[in-house]
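Undergrad: The structure follows.
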Amino acid sequence: MKFFSGLRDKLREGLRRSQEYLGGSLDTVLADERPIDDALWEELEELLIAADLGAPLAVDFVNRGREEVVFGTVTRAGQLRPLFRRFLADALAPVDRPLVLDARPSVVLMLGVNGSGKTTTCAKLAAALKRDGRHVILAAADTFRAAAIEQLEAWGQRVDVEVVRQAAGSDPAAVVFDALKAATARGADVLIVDTAGRLHTKSNLMDELAKLRRVIERQVPGAPHESLMVLDAPTGQNGFAQARTFNEAIGLTGVVLTKLDGTAKGGIAVRIVRELRLPVKLVGVGEKIDDLQPFDAAAFVDALVPEP
Amino acid sequence: MFDSLSSRLQTIFDRLGGRGRLTEDNIQEALREVRLALLEADVNFKVVRVFIERVREKAVGQDVLRSLTPGQQVVKVVHDELVELLGGSGHRLAAAAHPPTVVMLVGLQGSGKTTSAAKLARHFARQGQHPILAAADTYRPAAMEQLRTLGAQLDVPVVGAAGQTPLAICRAARDEAAARGLTPLILDTAGRLHIDEAMLDEVRAIKRELAPHHVLLVVDAMTGQDAVGVADKFNQAVGIDAVVLTKMDGDSRGGAALSVRHVTGRPIAFVGVGEKAEALEPFHPDRVASRILGMGDVLSLVEKAQQSVDQEKAQELVRKLREDAFTLEDFRDQLRQLRQMGPLDQIMGMLPLGKMLRGAPAELEGEQADLGRFDAIIASMTPGERRAPEVINGSRRQRIARGSGTTVQDVNRLLKQYAQLRKMMKQLKGMEGRLGKLGKLGGLPGFPMPRG
Ligand SMILES: Nc1nc2c(ncn2[C@@H]2O[C@H](COP(=O)(O)OP(=O)(O)OP(=O)(O)O)[C@@H](O)[C@H]2O)c(=O)[nH]1
Ligand SMILES: Nc1nc2c(ncn2[C@@H]2O[C@H](COP(=O)(O)OP(=O)(O)OP(=O)(O)O)[C@@H](O)[C@H]2O)c(=O)[nH]1
Ligand SMILES: [Mg+2]
Ligand SMILES: [Mg+2]
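If you're matching them up, the sequences are chains S and U in order. Just so you know, we're using the numbering used here here: the first sequence kicks off at 1 and counts up by one. Just so you know, we're using the numbering used here here: the second sequence kicks off at 1001 and counts up by one.
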């Protein structure tokens, strides 16, 4: 995706910060002269757990590491580092898919639990696409949360993108309907729909989202082209339940992992990718308009298990 | 995975043939299970390590109580220990000697500060106080409008205008509070990362000048391992007095609560359980302990059930469920009892299998309002119809609707909800065995639903 080119360094920088914060503990665990013993395996497991990969995945990786030692392919602690990097890369590789926004108009449905970064991501994506010369429209379909519409409108003004809105409290389906009409009428390239935050356990709110999806489907055949669940990196194991439930109810095309500029590593994404085969498509690395990057599996692995 | 930690532990002890006394050897494997349960609940791994050691020390050498099995005994030790570490409940935000009492909210982006500020304002207003809010987030687009909207809904004044610094806004709010005799003053600050030193400086400056009586760290209950680092850093850099744990209305296990408590030593003052201003509750360590262990909120369910379930009716219902003889009349009784216990979706959320039963709460949501109508509808049925609702066809529905002054849609809804509850009851029945064990542990009364 050319519209993101040249920004990868920023992600690495953000990820490096979180490593520094955790303080090179991996170097101690995998110091080359260290004997490979139970203590080492335990520490390694804990490092993966600390990154929110979840205990089952951490245990699985460690068991596979033990096998390599049994087979004699690994004899020194230092060799575990490339091995675990490979485990991670393999877990992420099969679903390395970029955004596909070729149709006209392409519709992006942004959804997820409360406060994960949906509205900000909509704005960032709009700005990135606009920079790329595309005609973008935003739909303010969060009519519920206080000043959610004003928030998106403020972003719309900043990035100079039209925001289709109605009054607070109106039916989000009606907003989406209007926005789809506007997008078609103006020959827009991409319509990005910002939805209200909702916990995946609230079935009435999930129904509302399913309805939004149906409105989009009916209006624009083949849409929504991207249904992205926005997940923030500090999220723990609950992130998996979120992805599974949203995927079952709505059908996701991928995940956006936000707030990677903090110290959280977003390891739950590995479990989501592996078990649900859902790609991480974008990452958020800050609150500013250009703090959005395409997901880079290699950089992500670097952050979890850095090269020495 | 956790529908029953205690039954998994029991399997281990059965295999060991462990009886009588808990020893270092026979609890080793059990503690591994406990460890996994805590990690799955997002308790920080370092906290888990310390916790497991404490449990080991407490458990080894204990006689297994006659009423319990070794598995239950370990769960009991774990549970008690969790409750103790989670700390006392009901941290009150004491009023300052010289008003206004100043409460400052800090935390990561999107954790729920602004919403919690409004919730706290409502909380204080209901206690007869006259709160005032300061919108000190000058960064996030429309952050001030958000707080202003919430304040207007609650009829609580909000101070803050574009173009001012956060510190200036807080100062102005304090002056206004003093001038108008309003207290407490609640400061909503911008979301910030715990590693953003410039932003931490800002909040430190506000703290220095406003000298808040209560600094609350707002933490999202879905937070994973990072909760420890975040809480520790905010506590070191700013100093916090208590924690607000938000978004507990979902199905996250809330292990972050233990992490945060452990690393800061600060109590959890409030729990956020929804987006609306009234969705704020005091913190109950026993409930969160059960939740972390994935036992649902069995204990609070028990408590609620004890308060409100008519024991005899409950026994009768148990019998009927077993015989699959649950009629519309029973349904009415059941709805009444459930209503006394609180909103249905909360009750369902507290059950271990709440997830499996997802979908039911929404269908039954209107139930609170509909109860009067349901009474009328059921009263308009013949005894035969009440016992065997299958016979209620289209023309009968019309008759019942007319007789009860409701619509056919109302009748349909009632029948649908009845069918659904019946299905739920069947599912709950399947849990009978597993919950039976916990029942002994907590001394479950004859609560009809989980034991069915
Ligand atoms: N540090 C950081 N903050 C972010 C990032 N993305 C969003 N935020 C912040 O997170 C907070 C919540 O972002 P929103 O975009 O409003 O989140 P949302 O999902 O739309 O929230 P609701 O609509 O209330 O559910 C805001 O303060 C954003 O500035 C990111 O990548 N990094
Ligand atoms: N379900 C649920 N949602 C909540 C709860 N508390 C807050 N929220 C939602 O979480 C989202 C973020 O809440 P805010 O109050 O805007 O969070 P904030 O910490 O002020 O965010 P920033 O100012 O951007 O840092 C909103 O959609 C809220 O409605 C809660 O207890 N339960
Ligand atoms: Mg939003
Ligand atoms: Mg806020």
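Glycine included, each C-beta is placed from N, C-alpha and C at the ideal position. Bear in mind that the values here come from a model prediction, so they are computed numbers and not experimental data.
Taking 7 Å as the threshold (beta carbon to beta carbon), is U/Pro1141 in contact with chain S?
TA: Yes, contact with chain S.
Undergrad: Pull every residue with its beta-carbon under 7 Å away from any heavy atom of ligand 4, and keep them in chain order.
TA: Checking every Cβ against the heavy atoms of ligand 4 under 7 Å gives U/Lys1113, U/Thr1114, U/Asp1137, U/Arg1140, U/Ala1143, U/Gln1146, U/Asp1188, U/Ala1190 and U/Gly1191.
Undergrad: Roughly how many angstroms separate the alpha carbons of S/Leu304 and S/Glu287, rounded to a whole number?
TA: If I take the Cα positions, the gap works out to 22 Å.
Undergrad: Cα-Cα, which of U/Val1050, U/Phe1045 and U/Glu1057 is closest to U/Asp1025?
TA: The shortest C-alpha separation from U/Asp1025 is found at U/Glu1057.
Undergrad: Just the Cα atoms here: how many angstroms apart are U/Val1158 and U/Lys1113?
TA: One C-alpha to the other measures close to 15 Å.
Undergrad: So, does the CB of U/Met1222 fall closer than 7 Å to a CB anywhere in chain S?
TA: U/Met1222 counts as touching chain S.
Undergrad: Less than 6 Å separating the Cβ of S/Asp261 from some heavy atom of ligand 1?
TA: Yes, Cβ of S/Asp261 sits closer than 6 Å to a heavy atom of ligand 1.
Undergrad: Should U/Asp1175 go down as buried or exposed, given a rule of 16 or more other Cβ atoms within 10 Å for buried?
TA: Exposed is the call here.
Undergrad: List the endpoints of the continuous beta strand (DSSP E) containing S/Thr106.
TA: This sequence places Ser at residue 106 of chain S; Thr is not what is there. From DSSP, the beta strand (DSSP E) with S/Ser106 extends over Ser106 to Leu111.
Undergrad: For U/Gly1107, I'd like the list of residues in its chain whose CB is within less than 6 Å of its CB, leaving aside the five on either flank, ordered along the chain.
TA: Contacts found: Lys1113, Leu1217 and Val1218.
Undergrad: What did DSSP end up calling U/Lys1276 once you bin it into helix, strand or coil?
TA: U/Lys1276: coil per DSSP, three-state reduction.
Undergrad: At which residues does the alpha helix (DSSP H) containing U/Gly1151 begin and terminate?
TA: Element bounds for U/Gly1151: Ala1143 to Leu1154.
Undergrad: Which residues in chain U have a C-beta closer than 8 Å to the C-beta of S/Asn114? List them in chain order.
TA: Under the 8 Å cutoff, chain U gives Gly1110, Gly1112, Lys1247 and Glu1275.
Undergrad: Less than 7 Å between the beta carbons of S/Pro279 and S/Gly254, yes or no?
TA: Contact: yes.
Undergrad: Could you check how far apart the C-beta atoms of S/Asp194 and S/Ala141 are, in whole angstroms? I think they sit under 8 Å.
TA: S/Asp194 to S/Ala141, Cβ: 6 Å. Contact.
Undergrad: Give me, in chain order, the residues of the same chain whose beta-carbon lies closer than 7 Å to that of U/Leu1009; leave out the 5 immediate sequence neighbours on both sides.
TA: Ala1030, Glu1033, Gly1071, Val1074 and Val1075.
Undergrad: Count the other C-beta atoms from every protein chain shown that fall within 10 angstroms of the C-beta of U/Ser1290, then say buried if there are 16 or more, exposed otherwise.
TA: Its Cβ being crowded by 16 or more others within 10 Å, U/Ser1290 is buried.
Undergrad: Report the residues of the segment 1034-1057 of chain U with a CB closer than 7 Å to any CB of chain S, ordered along the chain.
TA: Flagged, chain order: Leu1036, Leu1039, Glu1040, Asp1042 and Phe1045.
Undergrad: What does a CB cutoff of less than 8 Å around S/Gly385 pick up in its chain, not counting 5 residues either side in sequence?
TA: Residue coverage of chain S in this structure runs from 1 to 308, which leaves residue 385 of chain S outside it and unanswerable.
Undergrad: Can you round the beta-carbon distance between S/Leu212 and S/Ala173 to whole angstroms, since I take them to be within the 8 Å contact cut?
TA: Their Cβ separation, rounded to whole angstroms, is 6 Å, which keeps S/Leu212 and S/Ala173 in contact under 8 Å.
Undergrad: Does the segment 1204-1211 of chain U come within contact of the segment 1241-1253 of chain U, defined as at least 3 CB pairs closer than 8 Å?
TA: No, because fewer than three Cβ pairs between the segment 1204-1211 of chain U and the segment 1241-1253 of chain U fall closer than 8 Å, the two stretches do not touch.
Undergrad: Which value, in whole angstroms, describes the spacing of the CA atoms of S/His86 and S/Ile36?
TA: According to the sequence displayed, residue 86 of chain S carries Arg and not His. When rounded, the distance between both Cα atoms is 19 Å.
Undergrad: Along the chain, where does the beta strand (DSSP E) containing S/Gly284 start, and where does it finish?
TA: Run containing S/Gly284: Val280 to Gly284, per the beta strand (DSSP E) assignment.
Undergrad: Out of S/Ala233, S/Glu150 and S/Val69, state which residue places its alpha-carbon closest to the alpha-carbon of S/Gly266.
TA: Ranking S/Ala233, S/Glu150 and S/Val69 by Cα distance to S/Gly266 puts S/Ala233 first.
Undergrad: Would a C-beta distance cut-off of 7 Å place U/Ile1292 and U/Ala1041 closer than the cut-off?
TA: Yes, they are a contact pair.
Undergrad: In this structure, how does DSSP classify U/Arg1021 when only helix, strand and coil are distinguished?
TA: Note: U/Arg1021 maps to strand in three-state DSSP.
Undergrad: List the endpoints of the continuous beta strand (DSSP E) containing S/Gln293.
TA: It spans Leu292 to Pro294 - the beta strand (DSSP E) in which S/Gln293 sits, taken as one unbroken run.
Undergrad: Tell me which residues of the segment 207-239 of chain S have at least one Cβ-Cβ distance to chain U shorter than 9 Å, keeping chain order.
TA: Under the 9 Å Cβ criterion, the segment 207-239 of chain S contributes Asp207, Asp232, Ala233, Pro234, Thr235, Gly236, Gln237, Asn238 and Gly239.
Undergrad: Can you list, in chain order, the residues of its chain with a C-beta nearer than 7 Å to that of U/Asp1188? Leave out the 5 residues immediately preceding and following it.
TA: Cβ neighbours of U/Asp1188 beyond the five flanking positions: Leu1105, Lys1113, Thr1114, Ala1117, Leu1133, Ala1134, Ala1135, Ala1136, Asp1137 and Leu1147.
Undergrad: Quick check on DSSP: helix, strand or coil for S/Phe246?
TA: Reduced to three states, the DSSP call for S/Phe246 is helix.
Undergrad: Got a sec: is the Cβ-Cβ distance from S/Thr336 to anything in chain U below 7 Å?
TA: Not covered by the structure: residue 336 of chain S. The range shown for chain S is 1 to 308.
Undergrad: Assuming contact is defined by CB atoms lying nearer than 7 Å, are U/Val1263 and U/Asp1232 in contact in what I supplied?
TA: Closer than 7 Å, so yes.
Undergrad: Quick one: Cα of S/Leu209 to Cα of U/Cys1170, how far?
TA: For S/Leu209 and U/Cys1170, the distance between alpha carbons rounds to 39 Å.
Undergrad: Would you give the residue range spanned by the beta strand (DSSP E) that S/Leu191 belongs to?
TA: From DSSP, the beta strand (DSSP E) with S/Leu191 extends over Val190 to Thr195.
Undergrad: Taking only heavy atoms of ligand 1 into account, decide whether any of them is closer than 6 Å to the Cβ of S/Asn238.
TA: No, the Cβ of S/Asn238 stays beyond 6 Å of every heavy atom of ligand 1.
Undergrad: Less than 6 Å between the CB of S/Arg158 and some heavy atom of ligand 2, yes or no?
TA: Flag unset: Cβ of S/Arg158 not near ligand 2.
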